[in-house]
Amino acid sequence: MSQKVHPYIPNMVPEVQAEMLKVIGAESIMELYSCIPDELKLKEEMNIPPALTEYELRRHIEGILNKNTSTKEYVNFLGAGCWQHFIPAVCDEVNQRSEFLTAYAGEPYEDHGRFQALFEYQSLVAELVDMDVVNVPTFDWGQAASTSVRMAARITGRKKILLANTVAPERSKIIINYGTPELQFEFVEFNTETGAMDLTDLQAKLTEDVAAVYFENPSYLGFIEVQGPEISKLVKENDSLLVVGVDPISLGVIAPPSQYGADIVCGDLQPLGMHMNFSGGQAGFIATRDEVEFVQEYPSRLFGIVPTVKEGEYGFGDVFYDRTSFALREKGKESVGTQTALWGITAGVYLALLGPEGMQEVGQTIMQNSQYAAQQLSQIEGVKGSRLHSPFFKEFIVDFNQTGLTVKEINEKLLEKKIFGGKDLSEEFHEFGQSALFCVTEVHTKEDIDHLIQSIKEILTK
Amino acid sequence: MQRIKRTSKTRDFHQAKWNEPIVFELHQPGEKGVELPPVNEQIVSAVGDGVSVIPDTMKRNEKPNLPEIGQARILRHYVRLSQETLGSDFNVEIGQGTCTMKYIPKINELLIRDPKMMELHPLQDEGTVQGMLEIFHNLDLCMREISGMDYFSFQPSSGTQALFTMASIVRKYHETRGEGDQRDEIITTIFSHPSQAATAAVKGYKIITLHPDENGFPDIEKLKAAVSERTAGFVVANPEDTGIFNPKIKEFTDIVHEAGGLCFYDQANANGLLGITRAKEAGFDMCFFNLHKTFAAPHMCGGPATGALGVIAELRDYLPAPIVEHQDGKYSLQYDLKHSIGKVRSFHGVAQTVLRSYAWIRALGPDGLKEVAKIAVLNNNYMYHKVLAIRGASAPYVKGHRLEQVRYSWEQMANETGVTTEDVTRRMTDFGLHYWTSHHPYIVPQPFTLEPTESYSKEDLDEYIHALEQISKEAYENPEIVKTAPHNSTIHKMDEQDFLDDPEKWCITWRSYLKKAKTEC
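Protein sequences appear in the order of chains A and B.
Residue numbers are given in the UniProt record's numbering: position 394 of the first sequence equals residue 394, and the series is strictly consecutive.
Residue numbers are given in the UniProt record's numbering: position 255 of the second sequence equals residue 255, and the series is strictly consecutive.
Structural data, given as C-alpha cells:
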C-alpha cells in the first residue's frame, strides 16, 4: 500500500526506504522489531483522530483556543505566584530565535552563545540580589526554595526546616514533598494584623536541629516582612542558615535579602520578561555567596568563564561538574536535567533592557499603582483595601467580610464586568475569612483600577 | 560558465564568531534599553512616591549594578550570541543520543503565541479557560492510547521531575499501605538515565543498580537476587540508552510486583515504540514521556519542558493536584485527590509544551505516529550499519538490530591513536555538527550515543557518517588536528588549567570574575 509521505518524515519515500533496508540487510522495517516479543506488540490501532494538514491543524487548535478568554480581553487582578507584567518586545524576539529555541545540550564550542547568554543571566541576577553565585535556573520558585533548604540542610548537617506560615501554600506543598522524608518541617506563626513573623514563636522553635529558616519577602500575601534584620540575627545566633524567597521585580526598591543577612536567596524569574502562559513562564533561581561550602551543594549547572588558548577569547564551561548527578548519579547533589534555561536567558535580556534605573522605576510604579488600588478599595463601604497593616509590594489582601458577599460571589459578578478578581483566600487562610489577594502591577492603568472600583461598588449596591 | 565543483563529503563550515564582549562591557552611562509604562500623575498625587512606606532597613539604597545599554545594542548582542549557538533547526542533530532531537514544527510555535494561550493566568475562572483545559484533556486521551495508562499529569516539567514525581508516588503508595519504612530500596539499571537513581535517592531511597549481562541486557538473575520485602520499586528505560530492548521486560515487572514493588517506566527512549508496544502490556504501573523529546516540543537550551506522567487507575489519587476532568461537556480542575503527593511544580506545568505536543500528535494521526517509530528505527539501523564500518568504531553487546539509538565506542581508535571521544566532540564542531559522548559513568569505553530520529533524510545521515569517517581517518593519519580541535568554531580550545574546579579560580558571575581576575594573564 502506498502511503502519503509526511512532511516531518523524509525517509517515508519508498525508494529511499528500500535502499536503506538493502544496506541493513533486512526485508522490512518490521523485521527490525524482531527483538520485541509478539505478546508485547500492540495489536489494535490507537484511538487517536486521523492526521490533519497544517491548515486544518491551525483551524482546529485556534478553534479550541477561542474558547479561552485571556488577560488581554479582561482586566486581570490575579497574581499569587504568576504575575502579569510588561514584557519588552526584545525579550520575545530573543527567546523566539530559532537558534536558542531549538538548541539543547551542545558543548561550550558549538553552543558558545548559549553558554555566554546563561553566564550573563547569572551575572545580571547576581547584581540584582547582590550575591556572587547564581545557578542556571531550575523549574520554578517552589523547586528553587526546595533545593535551597536541602542545600542548607547539607551545609549545616541538620534536618529541621522552619517555614513562615505565610509561605504560599501551594509552594509549601512542593517544598514539603521535595524534602520528605529526609527533612522535618515546622511552621512559624505570624501576626494576623501585620503579616509579620512572630519572633517569639520563631525563637521558641529555633532549636539546635534547625538547619534553616525560610520566609518570603515580599510575602505571598504581599506584605513586606520588615523584620529581616531581626530574623537574621536570631537565625545566626542559632548557627542556622537564613533562606529568603524574593520576587525579583521588587529588588529595585526593596533591599535584597543578602543585605539583611540571607545566606541563600531564591525566587521566580517569571516577572522578568516571561508571559504567563497559563503557568508555563515560571523559572526558579538560587543565589549564594561564592564560598566552596555553598557552591559544592548546588545540584544545578553553574557556568563559569575561562580563557581559551587564543588570547582575547572568552570561553565558558561547567563549574565543579563533579558535584552533579550527571557525574555521580545517586551520589550527586539531588538531580539535574532539563529545567528552564531559555527563561534564564530571557530574564537576562530583561535586566539588560531595564538597567538600574528601570528596575527602580518598575518597582516604584508597582508600589504606587497597588497603593492607589488599595486606597480606593478602602473607600468602598464594607471593603478593607489592605487587610494587613504593613507596607506591601504588588499584592495585598482585600477584606470583603463586611459586605455580606463571599469572594466567590464577588468574583463571579466581576467576571460579568470583564474583570478577573483577586485570588480567593478563604480556603488557604481561614483567619482572613472572605478575603482575596489582589495583584496590581505597572501594566494596570488608572482606568483599569477605577473600573475595578466602580464595578465593586455596583456589585455591592445591588 | 563552468561547473563549480562541490565534491567534498564533509561540509566546509565555519561557525559564526562575533567575539562578543560580556553584556556588562556594553555599559554606556545614560543609555536606555526600554521605556516602562508611566505612572499616572493622579495616582502620584493620591499616594505619593510609593516607596517612602518601606522602612529604611528594608529599602534598597544603591541601585543594582546593572549595565545601561541602548535597545539596538542589546538586541544585536543577543542575536549575535544566538548565532553562536548551534540549534537543531539548522544542524543534523543526531549526536545528542537519548534526547530525541527532531524537527520542531513551525506551525506549533505560531500556535503557542496566540494571546489566548500566552496571556492566560493559571488561576482564571475555569469557565474562561475551557479551551486550555480541553487541550490538556485531549493530550491526556492521546497519551493513554500511546501508553495504555489510565490518567496523565502534565505538571512535572522535565523527565527528571517526572522521575522524582514517580519516586514520590512510590513512597506515598507504600506509606498508605503501612509499608513506608520497610520498603526502602529502589532498583534501577546502569544504562538508564542518571536521574532515575538521583531522584529516587532524593526521595530517601537506597539505590540498587543492576549491571548488564554480557549481551547488554539487564540481568534477570541479578534482579531476582535484588528484590525482597524491602523493594519499593523498579525504574528502568526500555530500550535502555544502548538501544537494546529487553524482551523479558514483562518477567521483570512480574518479579517486582510479586515482591510487592511498583514498576515505573522511563520512556525517554520511546521514539521507536509509538504504536508498536506500550507500558501497560509490559506490566508497568506508571510511565512518563518527555514531550520535548518524543513529542516534538523544542528543547529551548534546556527547558522549560514537560515530563508527561501516566499512571494506572489505582494510582490516580496519588498524582500531584490538580488533574483535568471532563464531564457533561465541561472541563474542570480536580484538586481533591485522596492520596495526592501534593505538588511538584506550581500550577499546571508548562502549558505551551502541552499544546505543542497535542498539535504534533494531531498533525501525524495514529498512522503517522507509527511511521515516526518505524522510520526512527530504520534510520538508526542504517546508521548503525554504516558506523560499524568506520575504522576504530564498535558497538558493544548483542549483535543484530537495535531500536532507535545505539551507544557506540571508540575504544579501538583511542587505543590505536590516542584520540578520545572527547577529542571527537570538539572536532565534530568543525563540520557544523553536534556530538555528545554519553552519560557517566562510561561503562562503554570511549562512548558516543547517536539517535537519528525520523526527522533526518538518508542524505542527512550520510553527512553525519562522513564526518565520523573523516575524523577516524584523521585520527589514524594526523591525530593532532583532532586533538587540537576545534578549528572552525566560535572559540578555540579552552585553557586546560583548573579554571572550573578550583574555588580560587572559578568565576560564576561577572562580578566574581572582576574580583578574582585582578591582573591580566
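Glycine is no exception: its CB is placed at the ideal position from the N, C-alpha and C atoms.
- In summary, the residues of the segment 188–221 of chain A whose CB is separated from some CB of chain B by less than 9 Å are N217, in the order they occur in the chain.
- Against chain A, the CB of V51/B has a partner CB under 7 Å away; the residue lies at that interface.
- Runs of the alpha helix (DSSP H) spanning 4 or more residues and lying entirely within the segment 351–438 of chain B occur at 351–388, 411–417 and 421–429, in chain order.
- Every alpha helix (DSSP H) stretch that sits fully inside the segment 47–128 of chain A and reaches 4 residues is listed by chain position as 54–65, 89–95 and 98–102.
- Linking Q412/B to T306/B through their CA atoms gives a straight-line distance of about 39 Å.
- Using beta-carbon distances, K374/B counts as an interface residue toward chain A, with a partner under 7 Å.
- DSSP links H326/B through a beta bridge to Y331/B.
- Only buried fits N91/B, as 16 or more other CB atoms lie within 10 angstroms of its CB.
- Taking the beta carbon of M149/B as reference, no residue of chain A falls within 9 Å; the closest one sits roughly 13 Å away.
- The contact set of N165/A on chain B, defined by CB atoms closer than 7 Å, is empty, because the minimum CB distance reaches about 17 Å.
- Rounded to whole angstroms, the separation of the alpha carbons of L272/A and N66/A is 28 Å.
- Rounded to the nearest whole angstrom, the CA to CA distance from W436/B to Q96/B is 5 Å.
- Residue range S435 to C439 is occupied by the beta strand (DSSP E) that includes S435/A, with no alpha helix (DSSP H) assigned at that position.
- Residue state for K516/B is assigned as helix, using DSSP reduced to three classes.
- 7 Å or more divides the Cβ of L437/A from the Cβ of K418/A.
- Counting every other CB atom within 10 Å of its CB across the protein chains shown gives V13/A a total below 16, marking it as exposed.
- Looking at the backbone, the Cα of R6/B and that of G63/A are separated by about 48 Å.
- The beta strand (DSSP E) runs of length 3 or more contained entirely in the segment 472–514 of chain B do not exist; there are none.
- Across the segment 346–357 of chain A, CB contacts with chain B closer than 8 Å involve G348, V349, L351, A352, L353, L354, G355, P356 and E357, in sequence order along the chain.
- Within its own chain, the residues whose Cβ lies closer than 7 Å to the Cβ of T176/B, once the five positions on either side in sequence are excluded, are H339, listed in chain order.
- Spanning the alpha carbons of D285/B and V170/B requires a straight line of approximately 10 Å.
- For Y78/B, the three-state secondary structure derived from DSSP is helix.
- Runs of the beta strand (DSSP E) lying entirely within the segment 141–213 of chain B and spanning at least 3 residues, in chain order: 151–153, 185–189 and 206–210.
- A direct Cα-to-Cα measurement between I135/B and I175/A gives close to 29 Å.
- With respect to the C-alpha of G245/A, the residue from I459/A, A262/A and V125/A having the closest C-alpha is A262/A.
- Just so you know, the alpha carbons of D132/A and H174/B end up roughly 43 Å apart.
- Beta-bridge pairing by DSSP links E68/B to no other residue.
- If you draw a straight line from the Cα of Q454/A to the Cα of E41/B, it comes to about 20 Å.
- Chain B places no beta carbon closer than 7 Å to that of G157/A, leaving this residue out of the contacts.
- In this structure the segment 55–66 of chain B does not lie against the segment 413–425 of chain B, because fewer than three pairs of beta carbons, one per stretch, are closer than 8 Å.
- When secondary structure is reduced to three states using DSSP, A262/A falls in the coil class, being assigned neither helix nor strand.
- Put simply, the CB of G385/A is far from chain B, with every gap to its CB atoms at 7 Å or more.
- With a threshold of 7 Å between beta carbons, S148/A makes no contact with chain B.
- Annotated as distal: V354/B and H137/B, with beta-carbon spacing of 7 Å or more.
- Of the candidates V51/B, G329/B and Y318/B, Y318/B places its Cα closest to the Cα of Y335/B.
- The DSSP-derived three-state label of A374/A is helix.
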